[in-house]
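Colleague:
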Amino acid sequence: MKLYPEKLPAALTKGLGRLYLVSGDEPLLQQELCDQIRDKARSEGFVERDLFHVEAGFDWQSLHFSVNNLSLFSDKKLIELRLNSAKQPDKAAAHLMALAEAGDDLAILISMPKADAAAQRSKWFKALEAAGTFIQVWPIEAKDLPRWLEQRITRKRYQIDRDALLALAAKVEGNLLAAVQELDRLLLAVDGNKISLEDIQGSVADHARYDVYQWLDAALMGKAARSLRVLNGLQHEGTEVLLITGVLSRELRLLLGILDETKDQGLEAAIQSARVWPKRRALIQRMLRRTSFSELRAIHAQLGDVDAMVKGAMVGDPWDLLTEVSLRLAGHAITPLVSRTAY
Numbered sequence: 009m010k011l012y013p014e015k016l017p018a019a020l021t022k023g024l025g026r027l028y029l030v031s032g033d034e035p036l037l038q039q040e041l042c043d044q045i046r047d048k049a050r051s052e053g054f055v056e057r058d059l060f061h062v063e064a065g066f067d068w069q070s071l072h073f074s075v076n077n078l079s080l081f082s083d084k085k086l087i088e089l090r091l092n093s094a095k096q097p098d099k100a101a102a103h104l105m106a107l108a109e110a111g112d113d114l115a116i117l118i119s120m121p122k123a124d125a126a127a128q129r130s131k132w133f134k135a136l137e138a139a140g141t142f143i144q145v146w147p148i149e150a151k152d153l154p155r156w157l158e159q160r161i162t163r164k165r166y167q168i169d170r171d172a173l174l175a176l177a178a179k180v181e182g183n184l185l186a187a188v189q190e191l192d193r194l195l196l197a198v199d200g201n202k203i204s205l206e207d208i209q210g211s212v213a214d215h216a217r218y219d220v221y222q223w224l225d226a227a228l229m230g231k232a233a234r235s236l237r238v239l240n241g242l243q244h245e246g247t248e249v250l251l252i253t254g255v256l257s258r259e260l261r262l263l264l265g266i267l268d269e270t271k272d273q274g275l276e277a278a279i280q281s282a283r284v285w286p287k288r289r290a291l292i293q294r295m296l297r298r299t300s301f302s303e304l305r306a307i308h309a310q311l312g313d314v315d316a317m318v319k320g321a322m323v324g325d326p327w328d329l330l331t332e333v334s335l336r337l338a339g340h341a342i343t344p345l346v347s348r349t350a351y
C-alpha cells in the first residue's frame, strides 16, 4: 500500500502496521517519518530494536537470526534495515522478500534512497509493498518551501512575518537540515513569539563563519583551497563528521542519479528531471561535465571509510580522509594522505 508522507500521522493513530518501506533522498524528511514509526512501535510494546546497515558484504544470517529470535525480556521486536540502495542483488532480494512473511511479533522498518520505477518493479519490492506500507519522500520544491517553513513554525506556536519568511526560504535554498538548524537558532534568540525580518538579518550576521553547504559548494565549484579552509573551520567549530558525510552522501546520490539518467536523455534534461534547484543547476552541470560516474562512486565509497573511522571500526583520522574527499570533489588527483586499516 502506498501512503503519502503527510498521511502517516493519521494512519498511525489507527495502529502500527507490520512493515514500512520509507524511500527518498531528503534525509531530514525521511528521518522524521522513521521517528514517527519508531515512536508508535515503542508505544505498542516493541521496545526491543535491532538495526542493520545493509551494504556490500552484509551478513544476511545476522538478520535471519534476529527475525527468528526474540529476547527473554520482550515478546515484540522492531527490526530496522537501512539499505544503501533501492537496487538490490538477487541474493539480497531473497532475504528481503522473506520479511514479508515475518510474524506479528515483529515490526519491520526499511529505509533506503529514492526507489525509482525500476526498483519498484522488482519482485522483492512488490512483495514488501503488498505486505506493508510504502512511503516515498519527495524533495520540497522551491515554490513550496515558504509554506513548509511556515507550517513548521506554526507547530512550534510561533508566527513569522511574510518578508521574514521569504528571506529565510531564500537563505536556506532548499537545504532542509540547514532550515531546521536556522529555525532552532531563531527561536532561541527571538523576543516573544513572532519572527521578524530583523531577526532573520540578525541571525545571518551572528551565524557561524562556516557551514557544511559552503564547503560542499566550494568543492563542487573546483575551488580546492577554499573548500579546505571551510573544512578546517568546520573542524575547529566542532561540527560533527557524520553531519558532513550525511550532506555529501545525499549530494553524491543526486549526482550519480543524474549521470545514470543521461543514458536516456541529455545532461540538462536529467538535471531538470532530478528537481535540482534552479540556482544550483549551472553548478551541478559544470561539476558533472568534469567528473565521471566511477569517480563519484569512488568518493562515495570513501565516505563509508569516514563513517567507519568515526565508529572506531577502522584506523585513521576521519578529518584527514575528508580532506582527501574535498580535494577529489574539487577535481584534484592526489596521493592518499592516510592509509586505512580495518580492525
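Residue 9 is where the sequence shown starts when you use the numbering used here, and the numbers rise one by one after that.
Glycine included, each C-beta is placed from N, C-alpha and C at the ideal position.
1) Looking at the strands, I want to know which residues DSSP matches up with Ala-115.
2) Along the chain, where does the beta strand (DSSP E) that runs through Asp-58 open and close?
3) If distances are taken between C-alpha atoms only, which option among Arg-289, Val-238, Glu-245 and Asn-240 comes closest to Leu-263?
4) Apart from the five residues just before and just after His-308, which ones in its own chain have a Cβ nearer than 6 Å to its Cβ?
5) Roughly how many angstroms lie between the CA atoms of Leu-228 and Leu-337, to the nearest whole one?
6) DSSP three-state label for Ile-252, please.
7) Checking 7 Å against the spacing of the C-beta atoms, do Ser-257 and Ala-123 come in under that value?
8) Is it right to say Thr-162 is buried, meaning 16 or more other beta carbons lie within 10 angstroms of its own, or is it exposed?
9) Could you compute how far the alpha carbon of Cys-42 sits from the alpha carbon of Thr-141?
10) Secondary structure at Tyr-221, three-state DSSP: helix, strand or coil?
11) Keeping to the same chain, check which residues put their C-beta closer than 7 Å to that of Phe-6; ignore five residues upstream and five downstream.
12) May I ask you to verify whether the region 113 to 123 touches the region 153 to 168, counting CB pairs closer than 8 Å and requiring at least 3?
13) Rounded to whole angstroms, what is the Cα-Cα separation between Glu-88 and Lys-99?
14) Per the DSSP calculation, Tyr-166 is bridged to which residue(s)?
15) Use the C-beta contact count for Val-323: other C-beta atoms within 10 angstroms, 16 or more gives buried, fewer gives exposed.
16) DSSP puts Met-120 in a beta bridge; with which residues?
17) Can you name, in chain order, every residue of its own chain whose Cβ lies under 8 Å from the Cβ of Phe-60, other than the five neighbours on each side?
18) Opposite Lys-202 in the DSSP bridges: which residues?
19) Where does Gln-273 land, buried or exposed, given buried means 16+ other C-beta within 10 angstroms?
20) Starting from Thr-145 and walking both ways along the beta strand (DSSP E), at which residues does that stretch end?
21) Could you check which residue in Glu-248, Thr-270 and Val-145 has the C-alpha nearest to that of Trp-327?
22) What is the rounded straight-line gap between the Cα of Ala-64 and the Cα of Glu-332?
23) By DSSP, does Lys-271 sit in helix, in strand, or in coil?
24) Can you tell me whether Asp-152 is buried or exposed, with buried defined as 16 or more other CB within 10 angstroms of its CB?
25) Quick check on Pro-17: buried or exposed, where buried means 16 or more other Cβ atoms within 10 Å of its Cβ?
Modeller: So, from the listed chains and residues:
1) Stepping through the sequence shown from its first residue, residue 115 is reached at position 107. Looking at the DSSP assignment, Ala-115 forms a beta bridge with Leu-86.
2) As a working mapping, residue 58 is identified with position 50 in the sequence shown. From DSSP, the beta strand (DSSP E) with Asp-58 extends over 56 to 62.
3) Numbered from its first residue, the sequence shown carries residue 263 at position 255. Of Arg-289, Val-238, Glu-245 and Asn-240, the residue nearest in Cα terms is Arg-289.
4) In the sequence shown, the residue the question calls residue 308 occupies position 300. Same-chain partners within the cutoff: Leu-260.
5) Within the sequence shown, the letter at position 220 stands for residue 228. Within the sequence shown, the letter at position 329 stands for residue 337. Whole-angstrom Cα-Cα distance: 6 Å.
6) Locating residue 252 in the sequence shown gives position 244, where the first residue counts as 1. If DSSP states are grouped into helix, strand and coil, Ile-252 belongs with the helices.
7) The residue you call residue 257 lines up with position 249 of the sequence shown. The residue you call residue 123 lines up with position 115 of the sequence shown. Cβ atoms of Ser-257 and Ala-123: not closer than 7 Å.
8) In the sequence shown, residue 162 corresponds to position 154, counting from 1. So Thr-162 counts as exposed.
9) Counting from one through the sequence shown, the residue named residue 42 turns up at place 34. Counting from one through the sequence shown, the residue named residue 141 turns up at place 133. Distance between the alpha carbons of Cys-42 and Thr-141 is about 12 Å.
10) Residue 221 sits at position 213 when you count from the first residue of the sequence shown. If DSSP states are grouped into helix, strand and coil, Tyr-221 belongs with the helices.
11) Limits of the chain in this structure are 9 at one end and 351 at the other, which puts residue 6 out of reach.
12) no
13) The residue you call residue 88 lines up with position 80 of the sequence shown. The residue you call residue 99 lines up with position 91 of the sequence shown. Answer to the nearest angstrom: the Cα atoms are 19 Å apart.
14) Taking the first residue of the sequence shown as position 1, residue 166 is located at position 158. None; Tyr-166 has no bridge partner.
15) For this step, residue 323 is matched to residue 315 along the sequence shown. With fewer than 16 Cβ atoms within 10 Å of its Cβ, Val-323 is classed as exposed.
16) Counting from one through the sequence shown, the residue named residue 120 turns up at place 112. Ser-31, per the DSSP bridge assignment.
17) On the sequence shown, position 52 is the one that residue 60 refers to. Counting only Cβ-Cβ distances below 8 Å, and skipping sequence neighbours, we find Phe-66, Ser-70, Leu-71, Ser-74, Ile-87, Glu-88, Leu-89 and Arg-90.
18) If you number the sequence shown from 1, residue 202 lands on position 194. According to DSSP, which records beta bridges pairwise, Lys-202 is partnered with Gln-167.
19) Against the sequence shown, residue 273 aligns to sequence position 265. Classification for Gln-273: exposed.
20) Taking the first residue of the sequence shown as position 1, residue 145 is located at position 137. Contrary to the premise, residue 145 reads as Val rather than Thr in this sequence. 141 to 145 is the extent of the beta strand (DSSP E) around Val-145.
21) Counting from one through the sequence shown, the residue named residue 327 turns up at place 319. It is Glu-248.
22) If you number the sequence shown from 1, residue 64 lands on position 56. If you number the sequence shown from 1, residue 332 lands on position 324. Rounded to the nearest angstrom, the two C-alpha atoms are 23 Å apart.
23) One-based indexing of the sequence shown puts residue 271 at position 263. Coil at Lys-271, not helix or strand.
24) Within the sequence shown, residue 152 is the residue found at index 144, counting from 1. Asp-152 is exposed by the Cβ-count criterion.
25) Here the question's residue 17 lines up with position 9 in the sequence shown. Flag for Pro-17 reads exposed.
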